[in-house]
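Numbering (full-length UniProt numbering), first residue to last: 1 to 595.
The beta carbon of each residue, even a glycine, is placed where N, CA and C say it ideally should be.
Here the structure is a predicted model, which means the values were calculated and not measured.
Working notes, structure below.
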């Protein structure tokens, strides 16, 4: 860096007086020559009035025209601002003059301030609010549907697409979609209703708002369609509702990107046409149950309220269809991953609603077996037993309600004509479930399962052979049945008559016990076998006494008949063939058995 020293006083004379030097106290000024050159250069470039080589007067004359134009523009702007103030009135001047007198404001200064402010702010434009659209409720939209217009539309659709019933049904849905298109989501918050409301409050939503002429026109037209086309249509409606449910459950940010639009303009229409179809053709839902049960899409907790509403629509028209769908589809769902207090509560509300209907018990009992299929299948009955008879530590709030509906559902599960093919098949399946239930170390469940096991023996003689096959592998369960037969002999023996098969089976069990005892090496196994053999002996004693008593009673009856024949004065009145038939019936009733 270049430094220069500038002395502000004459140099001291080495031979003269040093007073001048001392007057500056020895200080000197330090300057930076390079920096000073830069500053001078910058001034030379930017100073238009004193540029190098141009006198000040000449440079002023060069920019005179530019300054004049700038002045004219400034005057034009001020004039425009003054005109704007004049057009809106002199409110600002009046306010300034009529203020509280806090100081004097000269006219020119005040005018200048107001003019400047008006020029900067300008006049604001008032935005006009858009008129709000009137809110249309479901009731309002339903009231505008004309039955005559609907009938004409359906007739035209049926003629135009005579051989394509699927298109006809979609056009039918489109008609209601247009009718309810003005109903906003806030007027029909169905997800909130289904989540927070009881079944009794949502089962008729929104079908209750449809006028009777429109309802009748719709269901009469639906009745003409084939079950296959109606099944596809019902499945399409359910999928549309679940798709809308899924789109409402995603986050607000994600819903803008992946929002799934329903096929119709309004979900009200989907619920309406689905309810109309199921209430006119409830059997369509029964045909769809295998598809619904096999698809994971219909097994989630979120979709369960929708499915309960769907089954309730079918139950409104046909109690058998509603109970069938409940036992085959909804009951397994609440016993699986979809089971929680909310889903159990909804399922119980539906079955309680079905059972509370007029003459529900007789209707369901008469239809307990329909087309070879049971109203309450053995697998669902097994689930029901476990819900009604849990361990004391596993009881929940819904247990009492399951205990209340269990007797009625048990009657439907065990109903059927004795000896009928469907009854025999059900007995063999239920026997297997009962055997497993008795092994769960639950006294209440074991007692109920033993009762059901004995019912199976009475319905199908093949169940005795089935019991023999699993006896040794299910020794504890077998002991529970044998003990119950021995302790409750008077009550249980009546339904097992004749007792020949039971006695033969118990004798076979004793032979198995003896063989197993000779081969058993573990002390625990021996104790279990000995316990089983002890109960087998006790039951055999009862069987022998019953056989003797029964034979004695038959013998007395035969002797009484013979005595009456001998002592009668008109022996010719007795038909010998009838007497022989009577004796044969007694003999077949109690066959001679080896004791």
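- Between residue 145 and residue 179, the CB-CB gap stays under 8 Å.
- Taking a 10 Å sphere around the C-beta of residue 380, we find 16 or more other C-beta atoms and assign the residue as buried.
- Checking the DSSP bridge columns, you'll see residue 374 partnered with 369.
- Per the coordinates, the alpha-carbon of residue 364 lies some 7 Å from the alpha-carbon of residue 412.
- Note on residue 396: under 16 other CB atoms within 10 angstroms of its CB, so exposed under the neighbour-count rule.
- Of all alpha-carbon atoms in 484, 464, 420, the one lying nearest the alpha-carbon of residue 443 is that of 484.
- Cα atoms of residue 536 and residue 478: separation of roughly 10 Å, rounded to the nearest angstrom.
- Rounded to the nearest whole angstrom, the C-alpha separation of residue 181 and residue 157 is 20 Å.
- Comparing alpha carbon positions, the residue from 224, 409, 472 closest to residue 529 is 472.
- The residues 213, 214, 217, in chain order, have a CB closer than 6 Å to that of residue 147 in the same chain once the five nearest residues on each side in sequence are set aside.
- In the DSSP assignment, no residue is bridged to residue 306.
- The shortest CA-to-CA distance from residue 421 to any of 193, 369, 141, 355 is the one to 369.
- For residue 134, the closest C-alpha among the options 170, 168, 187, 143 is that of 187.
- For residue 242, the closest C-alpha among the options 298, 286, 475, 358 is that of 298.
- Contact check for residue 510 against residue 543 fails: the beta carbons are separated by 8 Å or more.
- Looking from the CA of residue 333, the closest CA among 324, 271, 347, 321 belongs to 347.
- Sequence-distant Cβ neighbours of residue 321 in its own chain, meaning closer than 8 Å and more than five residues away, are 282, 283, 285, 286, 314, 315.
- Using a 10 angstroms sphere on the CB of residue 356, the tally of other CB atoms stays under 16, which defines it as exposed.
- Cβ contact annotation for residue 323 (same chain, cutoff 7 Å, sequence separation greater than five): 354, 364, 375, in chain order.
- The beta carbon of residue 288 sits closer than 7 Å to those of 231, 234, 235, all from its chain and outside the five residues before and after it, given in chain order.
- Residue range 212-222 is occupied by the alpha helix (DSSP H) that includes residue 221.
- Residue environment analysis places residue 521 among the exposed positions, since fewer than 16 neighbouring C-beta atoms fall within 10 angstroms of its C-beta.
- Cα atoms of residue 360 and residue 415: separation of roughly 15 Å, rounded to the nearest angstrom.
- By the criterion of a C-beta distance shorter than 7 Å, residue 427 is surrounded in its chain by 456, 459, 460, 463, once the five residues flanking it on both sides are discounted.
- Residue 419 counts as exposed, since fewer than 16 other beta carbons sit within 10 angstroms of its beta carbon.
- Spatial neighbours of residue 219 in its own chain (CB-CB distance under 8 Å, excluding positions within 5 residues in sequence) are listed in chain order as 276, 279, 280.
- Note that the C-beta distance between residue 165 and residue 249 is not below 8 Å.
- Check the Cα spacing between residue 210 and each of 143, 197, 226: the tightest is with 143.
- For residue 522, no alpha helix (DSSP H) encloses it, and the DSSP letter there is neither H nor E.
- Our two residues, residue 429 and residue 173, have alpha carbons roughly 44 Å apart in a direct line.
- In its chain, beyond the 5 residues on either side, 430, 434 have a beta carbon closer than 7 Å to the beta carbon of residue 452.
- Taken through DSSP and simplified to helix, strand or coil, residue 183 comes out as strand.
- Counting every other CB atom within 10 Å of its CB across the protein chains shown gives residue 407 a total below 16, marking it as exposed.
- Beyond the five residues adjoining it in sequence on each side, residue 480 comes within less than 7 Å, by CB distance, of 438, 446, 450 in the same chain, given in chain order.
- Secondary structure within the segment 468-546: the alpha helix (DSSP H) runs of 4 or more consecutive residues, fully enclosed, are 475-487, 489-496, 500-519 (chain order).
- Residue pairing by DSSP puts residue 136 in a beta bridge opposite 183.
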